[in-house]
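Protein chains in written order, with this note's numbering: chain A, -15 to 322; chain B, -15 to 322.
In this text, a Cβ means the ideal position worked out from N, Cα and C, and glycines have one as well.
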């Protein structure tokens, strides 16, 4: 299986490492023989149709060099689009940074790859939040797979649980905590009785929040993930424009303390049922399984037969998300063998 | 798909009802056309090679009659073993009551069905706890499927999560609350500061505990489920004899109050890692996702890539477990179509 990797950051790097380390098991257990034939980063590309050896590439990356700096195989200034057009491959892993304004450059990469009948694994939720219904349609039209397990819940298999483990059942509603940063901020306000600004600074110091935390605190990140859950698991063809979003910026320490007194907590909840898709701070009973602390993510599926089931796990992390990309790859391999 | 149902109680009855109600969707979505050709209960059997109509049968059941009382198709005193030998079928659903001493009659039924190359769906954990490694081997040898999703977690897809959603990852350890009755008793002792005897009586009054609660409070039920998890998800070929079991009978209200003061709770935890499989009351931090209340079940899988993920849900219930049997049926249909 020939793989192109677009974007070579904290998910793609552990991903190629895992492919090397697990070579034997992947071949033995799944008949999967992955070969990464091209990697693109900001500086350009590195290409080898016989498969890249990553020992040297990862070392160069550690020193801050582009993959294109390789004297033998590097191609400085070559773009992702050029690689998609020129390099033969079975799967394109789209792992460029998230852009929620226009989804670029990921959106164009995914479209181009699908049109060239490449299977696509996305770890970048921007293009999906903006255009998932049409991207799913494009994949179907071209007879290829589009997978994106790592975009929701990091390594926690929230999408797979809903898709693979509830066959014959019906998901009636989904609600969840889909953003670890805001959950950490609200949890710290609760535990330490600090104002939101201070909790945010703590989150930034601990590496849980970006320098610009807008996407998180405004609820945008949660809304992107809700769009993906709704399309993938409930056949709701919505985009981020269809989500009613309010973030945590208006939540006061006073409200949090009051909630505590009522054995409840204020959490940023993303939810969808038959009707509206929304993201907003809501009261949750402390003893509800969804009421998790720290940077955890959790989603409750309400189904016709199984009732309420809740999956909890880490919502982010490079290795975790790389594991999700690997799951998608195995899934695609199985689909192709059918 | 021709189905034999052995045992016609609170799981099998909703199961056949679901098959009728979902006929169209099962055919459309999964190409599944189930036809129940025989049902056996304590009084005998009812058989029809063209498929049974359940409207009348379920009404008779409500009145306390055996399925064998049907004047046209009933066969009083016919046994499950006779039906397995005589009736042509693709799948046998084994839903007789759990017996942990020798696994009978379920164990003989499952063996006979596998030997006749019937796929088997078990909802009865007794035979599995006693002989799962050899039953899995027998199924493999005869080229048929043995599934048992409903035996652990009721409708909560604990087995499926581990099997289908962690491809390429490695489960390093499993720990969980696998018995709702004991969880309810411990939770009531915590909340209401009552002694165990009183909490048990409450559980019995609420219908959460049997008149004879031995299997639950001694940890036997949890151990059965741990055996199933270990075999299915960790390739550990153990039976209940290999589990170190201590129940909740020695837990005192005093210990529970002391745990509370340390922001922890005493829970009956079943666990397996590289080494020992055990069931015992253990301290759990209150804020751990596994620390669920009421009759809930919860399992934490620790995996190499995804880290700790926890699935929480109802651990029992007729409709819930019937939904799990349906999942198994769809799974078997897919396996057979490959």
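Report the neighbours of residue i on chain A: residues whose CB is nearer than 9 Å to its CB, in chain order.
i, result
"residue 191 of chain B", "Those do not exist, as residue 191 of chain B stays about 16 Å from chain A at its closest Cβ, beyond 9 Å."
"residue 164 of chain B", "The premise fails here: residue 164 of chain B is roughly 13 Å from chain A at the closest Cβ pair, so nothing lies under 9 Å."
Check the Cβ-Cβ distances between residue i and every residue of chain B, and say whether any is below 7 Å.
i, result
"residue -3 of chain A", "no"
"residue 256 of chain A", "no"
"residue 159 of chain A", "no"
"residue 219 of chain A", "no"
"residue 181 of chain A", "no"
Against chain A, with Cβ distances strictly below 7 Å, would residue i count as a contact?
i, result
"residue 296 of chain B", "yes"
"residue 303 of chain B", "yes"
"residue 167 of chain B", "no"
"residue 271 of chain B", "yes"
"residue 74 of chain B", "no"
Rounded to a whole number of angstroms, what is the C-alpha to C-alpha distance between residue i and residue j?
i, j, result
"residue -9 of chain A", "residue 69 of chain A", "16 Å"
"residue 281 of chain B", "residue 92 of chain A", "45 Å"
"residue 21 of chain A", "residue 83 of chain A", "26 Å"
"residue 188 of chain B", "residue 191 of chain A", "49 Å"
"residue 184 of chain A", "residue 117 of chain A", "34 Å"
"residue 129 of chain A", "residue 312 of chain A", "10 Å"
"residue 27 of chain A", "residue 51 of chain A", "7 Å"
"residue 64 of chain B", "residue -14 of chain B", "16 Å"
"residue 286 of chain A", "residue 148 of chain B", "20 Å"
"residue 153 of chain B", "residue 60 of chain A", "35 Å"
"residue 170 of chain B", "residue -1 of chain B", "32 Å"
"residue 55 of chain B", "residue 62 of chain B", "14 Å"
"residue 113 of chain B", "residue 120 of chain B", "12 Å"
"residue 37 of chain B", "residue 53 of chain B", "15 Å"
"residue 66 of chain B", "residue 72 of chain B", "12 Å"
"residue 8 of chain B", "residue 131 of chain A", "28 Å"
"residue 205 of chain B", "residue 199 of chain B", "5 Å"
"residue 300 of chain B", "residue 315 of chain B", "21 Å"
"residue -11 of chain A", "residue 1 of chain A", "13 Å"
"residue 375 of chain B", "residue 45 of chain B", "The structure shown does not extend to residue 375 of chain B, since chain B spans only -15 to 322, so no value can be given for it."
"residue 5 of chain B", "residue 298 of chain B", "23 Å"
"residue 318 of chain B", "residue 236 of chain A", "52 Å"
Which chain B residues sit within Cβ distance under 8 Å of residue i?
i, result
"residue 140 of chain A", "290, 293"
"residue 306 of chain A", "289"
Residues of chain B with a CB under 9 Å from the CB of residue i: which are they?
i, result
"residue 314 of chain A", "151, 152"
Please compile the residues from chain A whose C-beta is within a distance smaller than 8 Å of the C-beta of residue i.
i, result
"residue 311 of chain B", "149, 150, 151, 152, 153"
"residue 145 of chain B", "141, 145, 149, 295"
"residue 280 of chain B", "273"
At 7 Å on the CB atoms, spell out the chain B contacts of residue i, in chain order.
i, result
"residue 276 of chain A", "273"
Should residue i be flagged as near chain D, meaning a C-beta pair shorter than 7 Å?
i, result
"residue 34 of chain A", "Absent from the structure is chain D; the protein chains it does hold are A and B."
Given 8 Å, three or more beta-carbon pairs between the stretch -12 to 6 of chain B and the stretch 286 to 295 of chain B: no
The stretch 11 to 24 of chain A: positions lying closer than 7 Å to chain B by Cβ: none
Any 3 or more C-beta pairs closer than 8 Å across the stretch 11 to 30 of chain B and the stretch 101 to 111 of chain B: no
contact_flag[the stretch 129 to 144 of chain A, the stretch 299 to 309 of chain A] where n(CB pairs < 8 Å) is 3 or more: yes
Three CB pairs or more closer than 8 Å across the stretch 150 to 162 of chain A and the stretch 223 to 232 of chain A: no
Contact between the stretch 200 to 216 of chain A and the stretch 252 to 269 of chain A (3+ Cβ pairs under 8 Å): yes
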